[in-house]
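Asks: Residue numbers (my numbering): 15 to 610.
Ideal placement from N, C-alpha and C gives every residue a C-beta, glycine not left out.
Here the structure is a predicted model, which is why all the values come from computation and not from measurement.
Let me begin by handing over the structure; questions about it come next.
Structure below.
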């Protein structure tokens, strides 16, 4: 049900640090609101709808326009003969460089195979052997077995997205497309009570509104757009992490941003989303070479080109430095035209569209921002440190990825932990009765259930052009190579961006006009601040966090996580855990399955 509303009710309020925005002009209700339409979000939506819940899915663009559809390589699971969840666990722990939560990884690898089979039952079609019908499996970096299921050769994400979107539409689940989520609403006890959002369109749901729900699930994807060059789509502006921070939730491990080693190099001035050259290309036998054709990854790791991504990215960067080169090459000419066209049609088309034919010439590649291993901290059921708020997929930090995600574990993590979230929400609703948790006063029946996020104090919006300044700061100060000097410089420049906006607000009473571009820039700035603060604090090199001034891994001091919260005054609180284990969740029912 959607209805216009006048003054927002005080029973559900946004945080004091909320984004500046007009008061909601409409509101709708659901049992669960899922923010994001990738594999994680749509899986939660389908499972909860099947259990009889009223679900609303909010997505920033179209249902199929998130990060999932860009995934090329595939989804990892122990599906092949001779492979076991234990072997998958071992590979994941090695890639995570001592910071994986073993319980979370064990849940991933043991529940993963059946979760993939349920995905197939939902309608996803993976590439299979014509004769036997068995799913074809390949290898990627860090895997000692062929365990990567793929679809359409190199279009796995697109196929998974297609299947889930069709299932959501067939189930009649309510969706709100082209909507940027703004802030979390809470009831008087501090529990999540819905979200405010801005719909970019015309009609009944146009402009700022609210979706009220007993449960909010963040599945907003990544934050790759904080860098100038990334594999992430334009919508990946860290909105979920920023919302969670403003709501008082903890985030963790944001310093561990994975830079994909093999992104198509389009020149030194290339910005925005860059074409990915999947790790599966190396899994099928492509070689990394320099301009002289030397395979420089040999001798650097037992798996050579198939080492974990952080090792390959570092190997490429070192060779680039040694040779004074802007890129290296990926040589797969020996595949031949037939294999390229059958196995990697998307990559082949992207290369040819940019004037490169991988059938006859090596592909120029360089690392670019790809995946956030950290995010909103959750427990093993996807619960955050804010009651009623869950997170899954790339926006979450479950502990699975540690300091460096193992290739193709991301789709599986989204799938497995989405199912865990759905089960936990169902258990909570059943224990509270058929109606689920009691809504706060003023949020039932015909009352006007909206809330204003306008109480933003001295927090200004940043102008849209700040986005490009933030990207430049982060690329040069907190990219693949980092140091105390580069990070301190980045922190100072980010602070000046904020200070200039605050000074103008206090002097002239002016801030950037509320709108999608200014909200995105403000979200990017907050996430960038957290990443830089954590990277400065972690004085070691571990996984995909590479400190030039601290080149060694230091388990005694740094085999632990960094937890960050946003104070009401806008300052960041950064603290380290006592060990590699996360502290127990503070959410309800945590005693049923807490971390050690």
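(1) On the premise that residue 65 lies in contact with residue 440, defined as a C-beta separation below 8 Å, what is that separation, rounded to the nearest angstrom?
(2) Which stretch, first to last residue, makes up the alpha helix (DSSP H) that contains residue 129?
(3) Excluding the 5 residues preceding and the 5 following residue 581 in the sequence, name in chain order all residues of the same chain whose CB lies nearer than 7 Å to its CB.
(4) Can you name the start and end residues of the alpha helix (DSSP H) that residue 173 belongs to?
(5) The alpha helix (DSSP H) that contains residue 569, what's its start and end?
(6) Just reading off the beta strand (DSSP E) that residue 225 is part of, what are its end residues?
(7) Can you tell which of 157, 137, 158 and 163 has its C-alpha closest to the C-alpha of residue 149?
(8) Tell me the DSSP secondary structure of residue 579 in three-state form.
(9) Tell me residue 349's beta-bridge partners as DSSP assigns them.
(10) Residue 535 to residue 480, Cα distance in whole Å?
(11) Cα separation between residue 97 and residue 56?
(12) Mapping DSSP to helix, strand and coil, what is residue 404?
(13) Please go through the segment 67-123 and give each complete alpha helix (DSSP H) segment of 4 or more residues, from N-terminal end onward.
(14) Have a look at 301, 391 and 369 and flag the residue whose alpha-carbon is nearest the alpha-carbon of residue 348.
(15) Per DSSP, what kind of secondary structure is residue 534 in: helix, strand or coil?
(16) Out of 387, 506 and 482, state which residue places its alpha-carbon closest to the alpha-carbon of residue 576.
(17) In whole angstroms, what is the alpha-carbon distance linking residue 454 and residue 38?
(18) Across which residues does DSSP place residue 360 in a beta bridge pair?
(19) In three-state DSSP terms, what is residue 365?
(20) Could you give the DSSP three-state label for residue 286: helix, strand or coil?
(21) Taking the CB atoms as reference points, tell me whether residue 100 and residue 293 lie closer together than 8 Å.
(22) Here's the rule I'm using: 16 or more other beta-carbon atoms within 10 Å means buried, otherwise exposed. How should residue 482 be labelled?
(23) Buried or exposed, going by whether 16 or more other CB atoms sit within 10 Å of the CB of residue 324?
(24) With distances taken Cα to Cα, identify the nearest neighbour of residue 233 among 493, 58 and 219.
(25) Apart from the five residues just before and just after residue 243, which ones in its own chain have a Cβ nearer than 8 Å to its Cβ?
(26) Which residues in the same chain have their Cβ closer than 8 Å to the Cβ of residue 341, if we skip the five residues on either side of it in sequence?
(27) In the DSSP assignment, what are the bridge partners of residue 152?
(28) Could you have a look at residue 544 and say whether DSSP puts it in helix, strand or coil?
(29) How far does the alpha helix (DSSP H) with residue 384 in it reach, from first residue to last?
(30) Counting contacts by CB-CB distance shorter than 8 Å, is residue 107 in contact with chain B?
(31) Can residue 239 and residue 538 be called in contact, C-beta distance under 8 Å?
(32) Once DSSP output is grouped into helix, strand and coil, what is the label at residue 489?
(33) From the DSSP secondary-structure annotation, give me the bridge partner or partners of residue 189.
(34) On a Cα-Cα basis, can you pick out the residue from 209, 508, 119 and 87 that is closest to residue 402?
(35) Just tell me which of 336, 241 and 291 has its CA closest to the CA of residue 306.
(36) In whole angstroms, what is the alpha-carbon distance linking residue 419 and residue 199?
Replies: Put simply:
(1) Here residue 440 refers to the residue found at position 426 of the chain shown. Here residue 65 refers to the residue found at position 51 of the chain shown. Between residue 65 and residue 440 the Cβ distance is about 5 Å, and since that is below 8 Å, they are a contact.
(2) As a first step, residue 129 is located in the chain shown; it is residue number 115 there, counting from the start. Unbroken alpha helix (DSSP H) run through residue 129: 116-136.
(3) Taking the first residue of the chain shown as 1, we reach residue 581 at position 567. If we look at residue 581 and ignore the five residues flanking it on each side, its Cβ neighbours are 587.
(4) Within the chain shown, numbered from 1, the residue matching residue 173 stands at position 159. Here the alpha helix (DSSP H) through residue 173 covers 170-184.
(5) For the purposes of this step, residue 569 is identified with residue 555 of the chain shown, where counting begins at 1. Element bounds for residue 569: 569-572.
(6) Start at 1 with the first residue of the chain shown, and residue 225 comes out as number 211. 221-232 is the span of the beta strand (DSSP E), which, as asked, contains residue 225.
(7) By one-based count along the chain shown, residue 149 stands at place 135. For residue 149, the nearest C-alpha among the options comes from 163.
(8) Within the chain shown, residue 579 is the residue found at index 565, counting from 1. Residue state, collapsed to three classes: strand.
(9) Here residue 349 refers to the residue found at position 335 when the chain shown is read from its first residue. DSSP lists no partner for residue 349.
(10) On the chain shown, residue 535 is found 521 positions in, with the first residue counted as 1. On the chain shown, residue 480 is found 466 positions in, with the first residue counted as 1. Rounded to the nearest angstrom, the two C-alpha atoms are 6 Å apart.
(11) On the chain shown, residue 97 is found 83 positions in, with the first residue counted as 1. On the chain shown, residue 56 is found 42 positions in, with the first residue counted as 1. Answer to the nearest angstrom: the Cα atoms are 29 Å apart.
(12) To locate residue 404, count along the chain shown from 1; it is residue 390. Three-state DSSP puts residue 404 in a strand.
(13) 99-109
(14) Against the chain shown, residue 348 aligns to sequence position 334. Looking at the Cα atoms, 301 is the closest of the given residues.
(15) Translated into the one-based positions of the chain shown, residue 534 becomes position 520. Three-state result, residue 534: helix.
(16) Reading the chain shown from its first residue, position 562 is the one you call residue 576. Taking only the C-alpha atoms, the option nearest residue 576 is 387.
(17) What you label residue 454 is simply residue 440 of the chain shown in a count that begins at 1. What you label residue 38 is simply residue 24 of the chain shown in a count that begins at 1. The pLDDT assigned to residue 454 is 34, lower than 50, so where the model puts this residue is not dependable; a value taken from the coordinates is nonetheless given after this. Roughly 18 Å between the two C-alpha positions.
(18) The residue you call residue 360 lines up with position 346 of the chain shown. In the DSSP output, where bridge partners are listed per residue, residue 360 has none listed.
(19) For the purposes of this step, residue 365 is identified with residue 351 of the chain shown, where counting begins at 1. Helix.
(20) Sequence index remark: in the chain shown, residue 286 carries index 272 (1-based). The answer is strand: DSSP assigns residue 286 an E or B state.
(21) Counting from one through the chain shown, the residue named residue 100 turns up at place 86. Counting from one through the chain shown, the residue named residue 293 turns up at place 279. Against a cut-off of 8 Å, the Cβ pair of residue 293 and residue 100 comes out as no contact.
(22) Residue 482 sits at position 468 when you count from the first residue of the chain shown. It counts as exposed.
(23) As a working note, residue 324 is residue 310 in the chain shown. Buried, since its Cβ has 16 or more Cβ neighbours within 10 Å.
(24) Translated into the one-based positions of the chain shown, residue 233 becomes position 219. Answer by Cα proximity: 58.
(25) Against the chain shown, residue 243 aligns to sequence position 229. Around residue 243: 277, 284, 285, 286, 288, 382, 383 and 489.
(26) For this step, residue 341 is matched to residue 327 along the chain shown. Contacts found: 279, 334, 378, 379 and 380.
(27) On the chain shown, position 138 is the one that residue 152 refers to. Beta-bridge pairing links residue 152 to 162.
(28) Sequence index remark: in the chain shown, residue 544 carries index 530 (1-based). Helix, per DSSP.
(29) Here residue 384 is taken as the residue at index 370 of the chain shown, counted from 1. It is not in any alpha helix (DSSP H) - residue 384 instead sits in the beta strand (DSSP E) that spans 377-386.
(30) The structure shown contains no chain B; it holds only a single protein chain.
(31) For this step, residue 239 is matched to residue 225 along the chain shown. For this step, residue 538 is matched to residue 524 along the chain shown. Cβ atoms of residue 239 and residue 538: closer than 8 Å.
(32) Walking along the chain shown from the start, residue 489 turns up at place 475. Helix.
(33) Here residue 189 refers to the residue found at position 175 of the chain shown. DSSP lists 71 as partners of residue 189.
(34) Here residue 402 is taken as the residue at index 388 of the chain shown, counted from 1. Comparing Cα-Cα distances from residue 402 to each of 209, 508, 119 and 87, the minimum goes to 209.
(35) Against the chain shown, residue 306 aligns to sequence position 292. Checking every option, the nearest Cα to that of residue 306 belongs to 336.
(36) In the chain shown, the residue the question calls residue 419 occupies position 405. In the chain shown, the residue the question calls residue 199 occupies position 185. Taking the straight line from one Cα to the other gives about 32 Å.
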